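>
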Amino acid sequence: MKYIYSILIWLIGISACKQTPTISTDKSTTHLAKSLDSIVKPFIDSVRAAGIAVAVYHGTNPVLLKSYGYADLEFKTPLPVDASFEIGSVTKQFTAAAILQLVDSGKINLEDDLTKYIPFNTQGHTVTIRHLLSHTSGIQGYTEMPNFGSLSIQKYPRDTLLRIVEKEKFDFKPGEALIYNNTGFFMLGLIIEKVTGISYESYIQHNLFGKAGMSHSYYCNERKVITNRAHGYDTEQEGLVRAAYLDHTWPYAAGSLCSTTEDLVKWNNALHHGRILSEKMYSEFLNPTILSDGSATHYAKGITVTEDHSKTMIEHGGGINGFLSENRYYPKEDLSIVVLVNSTGPVSPTSIANQIADDLWGKPISDTTNFNGDLSAYTGKYTGRGRGQDISITITTQSDSLMAVQGEPGQNQPFQLQFKNEDTWKEGNASYHFKRDGGEIVGLQLDQVYGYYVLKRN
């Protein structure tokens, strides 16, 4: 994909498939089911995906509920519609909601320094709970560390991660940028345990799953026998293989929950209809993060808030060994779309959800327009800190178009930017905000929803 960082988010048909019947015989629902079949079946038939579960609900009323493929490829076990999946970073909204419940009860404050609750060398920086919730802490992300692969298969005490990460240099000063970071949500889990005196797992079970009626959701446990659990698969050169082992000590509050499509719909209904958070905390939950320079982002607290098909969309995806997930909610329409996949690789649950939205409302109308100014004003190389690495973008012109390329020219294919307004351009869901000083372009702020990168012009 053109210069879109992979969201490793905790850390982003069917001759031989089981299909549950559509919920309604309504013509539009039948069309939706046929369209979904046309997207999903080829992936299952060609064994490029193990299994896919989809739920579309209007409030508590099912519009579409289907499962495709297998929960277990070796035994050809059909994927049941109530199969449980690892949901990866969709976990983050549960962690965020738990923190806001504790704020509401007066046990913590969003502006509290994290060192009030857990020992951590902040290297002279002030890092607040708010920073942890919004990926703006600047703390090194542990899933981006070079040795994470070897560590992830071993079980360690949870504070081991803190001792490893605190030795690493901060990526940026807290509040200056937004770089997706699993370390922050790991810390939030420890804070929940510190102030409540119970385990993160127990808190989530009693105060979130219980309130939402999510009877098929749980903290993932690779040793426990779980009825209707889907097994995860990764894509390698030879095809699908069993997912690489991951000890769930590591994803923890950043990505260790398991759930079903219907349970996530129940969560959406409970969360967005006042059964989980007070009105004040719900508003806080959805407030977009504002950076220290005043820039507004699309990331709130464990959730993103964007516009899709001219409608407000509250969304988060997830990816973990063997599993991909997408959970979105359209508040005005009271519509949930949940897509869970028990394999990584070419099948994108986000793309499937996008297609469902297109089928419901038509293709989204572009918000870009023609540009009549001087394209050369934007050209040059822009560099800064990305997720786990330094990044660079080179802006060039081609005919009457503004082009961008990640890395050094010649390494990757350039792609065209579309003009939106003033000094803002777009490519897909990413926005490129060029910054001026005294009329001259001096920097680029790249908003990719899950990250807001501040780059300087060389």
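Using the working numbering, you'd call the opening residue of the sequence shown number -4 and step up by one each time.
Ideal Cβ positions, reconstructed from N, Cα and C, are used throughout, including at glycine.
Quick caveat: nothing in here was measured; it's all calculated off a predicted structure.
Do you know whose CA, among TRP356, TRP245, SER212, LEU173, lies nearest HIS293's CA?
Taking the sequence shown and counting its residues from 1, the one referred to as residue 293 is at position 298. Closest option to HIS293, Cα to Cα, is LEU173.
> My output table needs one value for ASN416: the three-state DSSP class, helix, strand or coil.
Taking the first residue of the sequence shown as 1, we reach residue 416 at position 421. Of the three classes helix, strand and coil, the one that applies to ASN416 here is strand, per DSSP.
> Quick check on DSSP: helix, strand or coil for TYR137?
The residue you call residue 137 lines up with position 142 of the sequence shown. DSSP places TYR137 in helix when its eight states are reduced to three.
> Taking the alpha helix (DSSP H) that PRO246 belongs to, which residues open and close that run?
Position 251 of the sequence shown holds residue 246. Segment: none, PRO246 is in no alpha helix (DSSP H) and carries neither H nor E.
> Use the C-beta contact count for VAL260: other C-beta atoms within 10 angstroms, 16 or more gives buried, fewer gives exposed.
Working through the sequence shown from its first residue, we reach residue 260 at position 265. Buried: at least 16 other Cβ atoms inside 10 Å.
> Please list the terminal residues of the continuous beta strand (DSSP E) segment that includes VAL334.
Taking the sequence shown and counting its residues from 1, the one referred to as residue 334 is at position 339. Residues 330 to 336.
> Buried or exposed, going by whether 16 or more other CB atoms sit within 10 Å of the CB of GLN384?
On the sequence shown, residue 384 is found 389 positions in, with the first residue counted as 1. The residue is exposed, with fewer than 16 neighbouring Cβ atoms inside 10 Å.
> Could you work out which residue in ASN142, ARG158, GLN232 is closest to ILE134 when comparing CA atoms only?
Taking the sequence shown and counting its residues from 1, one reaches residue 134 at position 139. Out of ASN142, ARG158, GLN232, ARG158 has the C-alpha closest to the C-alpha of ILE134.
> Can you tell me whether DSSP reads PRO169 as helix, strand or coil?
Indexing the sequence shown from 1 puts residue 169 at position 174. PRO169: coil per DSSP, three-state reduction.
> Could you give the distance in angstroms between the alpha-carbon of LYS376 and the alpha-carbon of ASN416?
Here the question's residue 376 lines up with position 381 in the sequence shown. Here the question's residue 416 lines up with position 421 in the sequence shown. Distance between the alpha carbons of LYS376 and ASN416 is about 21 Å.
> Looking only at its chain, what residues have a beta carbon closer than 6 Å to the beta carbon of MET(-4), apart from the 5 residues adjacent to it on each side?
Position 1 of the sequence shown, counting from 1, holds the residue named residue -4. Any reading at MET(-4) is ruled out, since the residue's pLDDT is 31, under 50, leaving its predicted position unreliable.
> Helix, strand or coil for ARG469? Go by DSSP, reduced to three states.
Since the displayed the chain opens at -4 and closes at 453, residue 469 lies outside it and no answer follows.
> With H, G and I counted as helix, E and B as strand and the rest as coil, what does DSSP make of ILE186?
Walking along the sequence shown from the start, residue 186 turns up at place 191. DSSP places ILE186 in helix when its eight states are reduced to three.
> Would the stretch 164 to 182 and the stretch 284 to 293 be scored as touching if the rule is three or more Cβ pairs under 8 Å?
Because the criterion of three Cβ pairs below 8 Å is met, the stretch 164 to 182 and the stretch 284 to 293 touch.
> Given PRO409, which residues of its chain have a CB within under 6 Å of its CB, disregarding the five upstream and five downstream residues?
Residue 409 sits at position 414 when you count from the first residue of the sequence shown. Cβ within range, chain order: MET398, VAL400.
> Helix or strand or just coil, what does DSSP make of LYS61?
Taking the first residue of the sequence shown as 1, we reach residue 61 at position 66. The answer is strand: DSSP assigns LYS61 an E or B state.
> When the Cβ atoms of the stretch 69 to 88 are set against those of the stretch 330 to 343, are three or more pairs found closer than 8 Å?
Output reads yes: the stretch 330 to 343 touches the stretch 69 to 88.
> Express the C-alpha separation of GLY434 and GLY317 in angstroms, rounding to a whole number.
Position 322 of the sequence shown, counted from the first residue, corresponds to residue 317. Position 439 of the sequence shown, counted from the first residue, corresponds to residue 434. Each residue's Cα considered, the two are about 49 Å apart.
> Just curious, the alpha helix (DSSP H) that LYS261 is in, first and last residue?
The residue labelled residue 261 in the question sits at position 266 within the sequence shown. That run of the alpha helix (DSSP H) goes 256 to 266.
> How many angstroms separate the CA atom of SER41 from the CA atom of ILE315?
Along the sequence shown, read from residue 1 onward, the residue named residue 41 stands at position 46. Along the sequence shown, read from residue 1 onward, the residue named residue 315 stands at position 320. Going from the Cα of SER41 to the Cα of ILE315 covers about 22 Å.
> Report yes or no: do the stretch 178 to 194 and the stretch 86 to 102 share at least 3 C-beta pairs separated by less than 8 Å?
As far as the Cβ criterion goes, the stretch 178 to 194 touches the stretch 86 to 102, which means the pair count is three or higher.
> Just the C-alpha distance for LYS430 and ILE390, rounded to the nearest angstrom, thanks.
As a position in the sequence shown, residue 430 is number 435, starting the count at 1. As a position in the sequence shown, residue 390 is number 395, starting the count at 1. Rounded to whole angstroms, LYS430 to ILE390 spans 14 Å at the Cα level.
> Tell me which residues share the same chain as LEU3 and place their Cβ nearer than 8 Å to its Cβ, disregarding the 5 neighbours each side in the sequence.
Taking the first residue of the sequence shown as position 1, residue 3 is located at position 8. The pLDDT assigned to LEU3 is 34, lower than 50, so where the model puts this residue is not dependable, and the model offers no usable value.
> Have a look at ALA207 and ASN282 and give me their C-alpha separation to the nearest angstrom.
Working through the sequence shown from its first residue, we reach residue 207 at position 212. Working through the sequence shown from its first residue, we reach residue 282 at position 287. C-alpha separation (whole angstroms): 22 Å.
> By alpha-carbon positions, which one of HIS226, CYS215, LEU272, TRP262 ends up nearest to ALA248?
Taking the first residue of the sequence shown as position 1, residue 248 is located at position 253. The shortest Cα separation from ALA248 among HIS226, CYS215, LEU272, TRP262 belongs to CYS215.
> Pick helix, strand or coil for ALA93, following the three-state DSSP scheme.
Within the sequence shown, the letter at position 98 stands for residue 93. Three-state DSSP puts ALA93 in a helix.
> Taking DSSP's pairing of strands, which residues face LYS421 in a bridge?
Translated into positions along the sequence shown, residue 421 becomes position 426. Partner(s): GLN413, SER426.
> Identify the residues that DSSP records as bridge partners of GLY379: which are they?
Along the sequence shown, read from residue 1 onward, the residue named residue 379 stands at position 384. According to DSSP, which records beta bridges pairwise, GLY379 is partnered with ILE386, LEU450.
> For ILE82, which beta-bridge partners are listed by DSSP?
Taking the first residue of the sequence shown as 1, we reach residue 82 at position 87. Partner(s): none; ILE82 has no beta bridge.
> What does DSSP give as the partner residues of ASN322 in its beta bridges?
Locating residue 322 in the sequence shown gives position 327, counting from the first residue. DSSP lists HIS311, VAL333 as partners of ASN322.
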